[in-house]
Amino acid sequence: MSVYPDYAEDVAGEKFYVVSDVTRMSLVKLLRLAPQFVRIMLREKPDVVITTGSAPGLVGLAIAKLFTRARTVWIDSIANCERMSSSGKQARYVADEWLTQWPQLATPGGPQYWGAVI
């Protein structure tokens, strides 16, 4: 699942969903994004949902928790090396595992550092 249709080429032959992109500056788009995630989650019934960040990923984790009781994992974007992203800070409330890819951002209360995704 991605906000970028071109990424479907990376998983050719596999299920791939495109969802609307939202940011904190375009929250009205949540009215389109939330139903997209609900339909996908109810169709796929995932056991685990993993995201590497951004507002759509945060919405996806929240909907997964509400509608499927899936385990959720937030991995804050590797681009955020000095502080957690805005969505990353909120992810602590919906993620079963709340992670950063930078050891200096890990704290005893989270996020945890398990290693980098490169």
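When we follow this note's numbering, the leftmost residue of the sequence shown carries the number -7, and every step to the right adds one. Just so it is clear, CB atoms sit at the ideal spot from N, CA and C, and this is done for glycine as well.
Bridge partners for residue i per DSSP, in chain order?
i	result
Arg24	Per DSSP, none; premise fails for Arg24.
Leu91	Ile67, Gln104
Ser(-6)	Val10
What residue range is occupied by the uninterrupted beta strand (DSSP E) comprising residue i?
i	result
Ile67	63 to 67
Val136	An answer regarding residue 136 cannot be provided, because it is not within the stretch -7 to 110 covered by the chain.
Closest to residue i by CA distance: which of the options is it?
i	options	result
Pro27	Met17, Lys37, Ser12	Ser12
Gln96	Cys73, Arg16, Asp(-2)	Cys73
Val20	Lys37, Glu36, Gly5, Pro48	Pro48
Asp63	Gly80, Ser77, Met33	First, the amino acid is wrong: residue 63 is Arg here, not Asp. The shortest Cα separation from Arg63 among Gly80, Ser77, Met33 belongs to Met33.
Thr15	Ala4, Val51, Val41	Val51
Thr43	Asp68, Tyr85, Glu36	Asp68
Gln82	Ala54, Ser18, Trp106	Ala54
At what residues does the alpha helix (DSSP H) containing residue i begin and finish?
i	result
Gly5	Unbroken run through Gly5: none, as it is neither H nor E.
Lys57	47 to 60
Legend entry - Stretch pair the stretch 72 to 88 + the stretch -7 to 12: three plus CB contacts closer than 8 Å: By the Cβ test, the stretch 72 to 88 is not in contact with the stretch -7 to 12, since fewer than three Cβ pairs between them sit closer than 8 Å.
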